[in-house]
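Peer 1: Dumping the structure here so I can ask a few things about it.
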Amino acid sequence: MVVKQSMSDETGIIGRCLKGDVEAYGRLVDRYSARILNVALMMVGDRHEAEDIAQDAFIRAFRGLAGFRGRARFSSWLHQIALNLCRDHLKKRARGGGPVPMAEETLEGSRDGDGEASPDPMISAELSETMREEISRLPYLYREAFVLRHLQGMEYFEVAAITKVSADTVRVRAYRARELLRGRLAPAVDTYWREKAQKEHAR
Amino acid sequence: MTPRRDVHRAVDGELSKRDTRRLEADPQAKAELDGLKALADAARDAVRPVEPPSGFKKKVLDELRKRPPK
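Protein sequences, first through last, are from chains A and B.
Take this note's numbering: the final residue in the first sequence is number 534, and no numbers are missing along the way.
Take this note's numbering: the final residue in the second sequence is number 143, and no numbers are missing along the way.
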């Protein structure tokens, strides 16, 4: 119901955008900017680069709206654009031989003023940093599936619509990502989970 | 022996209750299930979302006003 309402609301906004109404587009930017920024951040690992990619994705989406047929959700289409930009960016970076920044390092500037959610006191800075590092080391397609499924909380069919592969292919990619991460992070994650369970039990 | 795929489907809540109970009766599969659930949970908690910077929307809209689509 909510999804239907949101989609029909978006159809109206997109109609206005197609007539050149930039202000109307601001509502879509408000709605999706955090999601797109976080996906880009997890894919490229650098806060400033992720912001540039997210902004570029919104600009390209607006300029390409005439070609948006409405068969997919606007959000899926926008994610596709952002992920294509991330892929191009990483290819360029690989050609240039530049270092792969770890997301945690590049978040330093955001901690003080840009409204990052309060840290979970139970998550140690070390686990948080290690988790980001290990996610950033996953092969691209596994990382993409893991980020969209587990960090963005999407259903497999939604990820499939964005990545243009079958839901079963997305499942396999997410399974492999989990296996790789599990293999690398088991002791730290188990300790965290045990402590969390104990704390919840004590409440 | 429980197929790995079923363990993953149980993590995603895509396995039937009956099959999940059967899986949990196998100690090795149960340990794997718990490990993968812990991983998914820890990833969600550890990777905190960031908010866009304050001028994000303005920058996008200014760029669009400057060079509107043809």
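C-beta: ideal position from N, C-alpha, C; glycine also.
Owing to the predicted nature of the structure, the values given are computational and were not obtained by experimental measurement.
Classify A/Thr500 as helix, strand or coil using the three-state DSSP reduction.
Peer 2: It is helical.
Peer 1: Between A/Met374 and chain B, is the shortest Cβ-Cβ distance under 9 Å, so that the two count as touching?
Peer 2: No, A/Met374 lies away from the interface with chain B (no Cβ there is under 9 Å from its Cβ).
Peer 1: So what does DSSP say about B/Ala98, is it helix, strand or coil?
Peer 2: The answer is coil: DSSP assigns B/Ala98 none of H, G, I, E or B.
Peer 1: By the criterion of Cβ-Cβ separation under 8 Å, what are the contact partners of A/Glu382 in chain B?
Peer 2: Within chain B, the residues near A/Glu382 are Pro125, Pro126 and Phe129.
Peer 1: How long is the line joining the alpha carbons of A/Gln529 and B/Ala111, rounded to whole angstroms?
Peer 2: Answer to the nearest angstrom: the Cα atoms are 14 Å apart.
Peer 1: 9 Å is my cut-off, CB to CB: does A/Gly401 come that close to chain B?
Peer 2: Cβ-Cβ to chain B under 9 Å: no for A/Gly401.
Peer 1: Taking just the CA atoms, how far does A/Glu380 sit from A/Arg468?
Peer 2: Cα to Cα, A/Arg468 sits roughly 18 Å from A/Glu380.
Peer 1: Could you name the residues of chain A that B/Ala119 contacts, counting a contact when the two beta carbons are closer than 7 Å?
Peer 2: Under the 7 Å cutoff, chain A gives Ile454, Leu458, Ser459 and Met462.
Peer 1: Out of A/Val520, A/Arg480 and A/Leu512, point me to the one whose CA is closest to A/Leu501's CA.
Peer 2: In the sequence on display, residue 501 of chain A carries Val and not Leu. Nearest of A/Val520, A/Arg480 and A/Leu512 to A/Val501, Cα basis: A/Arg480.
Peer 1: So, is the C-beta of A/Asp443 closer than 9 Å to a C-beta in chain B?
Peer 2: Residue placement at A/Asp443 is flagged as unreliable, the pLDDT there being 38, under the threshold of 50; the coordinate-derived value follows with that caveat. It does not: the Cβ of A/Asp443 has no partner Cβ on chain B nearer than 9 Å.
Peer 1: Using a Cβ cut-off of 9 Å, which residues of the region 354 to 374 of chain A contact any Cβ in chain B, in chain order?
Peer 2: Cβ contacts with chain B: Glu354, Tyr356, Gly357, Val360, Asp361, Ser364, Ala365, Arg366, Ile367, Leu368, Asn369, Leu372 and Met373.
Peer 1: Where B/Val80 and B/Asp99 are concerned, what is the direct C-alpha to C-alpha distance, given to the nearest angstrom?
Peer 2: The alpha-carbon atoms of B/Val80 and B/Asp99 are separated by roughly 11 Å.
Peer 1: Drop a sphere of 10 angstroms on the beta-carbon of A/Lys422, count the other beta-carbons inside from all chains shown, and report buried for 16 or more, exposed for fewer.
Peer 2: It counts as exposed.
Peer 1: Measure the alpha-carbon distance for B/Arg138 versus A/Glu341 and round it to whole angstroms.
Peer 2: In a straight line, the C-alpha of B/Arg138 is about 21 Å away from that of A/Glu341.
Peer 1: So with CB distances below 9 Å, who are the chain B contacts of A/Phe405?
Peer 2: Going along chain B, no residue has its Cβ under 9 Å from A/Phe405, so there is no contact; the nearest lies around 15 Å.
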